[in-house]
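Going by my numbering, the first residue of the sequence shown is number 3, and it counts up by one from there. First the structure, in the form of structure tokens, and then the observations on it.
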Amino acid sequence: MPQDSPVISPTRTFQPHTWWHVLLYSSLEVALADVRKEIAFCRKVGVPIIGVIENMSGFVCPGCKTESQIFPATTGGAALMSEKLDCPFLGRVSLDPRVGQCCDEGKPFIETYPDTIVAKQYLDIVEQLKAFCAQ
Numbered sequence: 003m004p005q006d007s008p009v010i011s012p013t014r015t016f017q018p019h020t021w022w023h024v025l026l027y028s029s030l031e032v033a034l035a036d037v038r039k040e041i042a043f044c045r046k047v048g049v050p051i052i053g054v055i056e057n058m059s060g061f062v063c064p065g066c067k068t069e070s071q072i073f074p075a076t077t078g079g080a081a082l083m084s085e086k087l088d089c090p091f092l093g094r095v096s097l098d099p100r101v102g103q104c105c106d107e108g109k110p111f112i113e114t115y116p117d118t119i120v121a122k123q124y125l126d127i128v129e130q131l132k133a134f135c136a137q
């Protein structure tokens, strides 16, 4: 998301209790600076935050299928930031080139590659979202 871009539309601002937010950011400090602002804004206008997800947390090699950290968190990443700001941390999602491929082909990634690192990460986050919605 470009810096200084509007995070929440005016419609959402006027109807804060009809919207919930899941914040998706990378572990890079510049992105975390933006999410801190977004959390402060949501709290100021009364928009509830379900939690934070760290995107691009690692990279899954298409050859060996192992995960590498290509954008290491220099300041603790989204998990530490979430803890400091008392905002739920929902998990991390790694880059996997097959996600883009599935999107291009109109295939559901989790069903196509159910035993992958990223599918498990998605499913862990989905379980937390389901638990939140059941409250």
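We put the CB at the ideal spot given by N, CA and C, even for glycine.
Query, Result
"Could you check whether residue 59 and residue 96 sit closer than 8 Å to each other, using their CB atoms as the reference points?", "yes"
"What does DSSP give as the partner residues of residue 91 in its beta bridges?", "54"
"Between residue 34 and the rest of its own chain, which residues show a CB-CB distance below 6 Å, the 5 nearest in sequence each way excluded?", "83"
"Residue 126: which of 94, 108, 99 and 111 sits nearest, CA to CA?", "94"
"Return the first residue and the last residue of the alpha helix (DSSP H) that residue 101 is part of.", "99-107"
"Would you kindly work out how many angstroms separate the C-alpha atoms of residue 100 and residue 26, rounded to a whole number?", "20 Å"
"For chain D, check one thing: does any of its Cβ atoms lie closer than 8 Å to the Cβ of residue 79?", "Of the protein chains in the structure, only one exists, and it is not chain D."
"Report the option in 44, 77, 52 and 124 whose CA atom is closest to the CA atom of residue 31.", "77"
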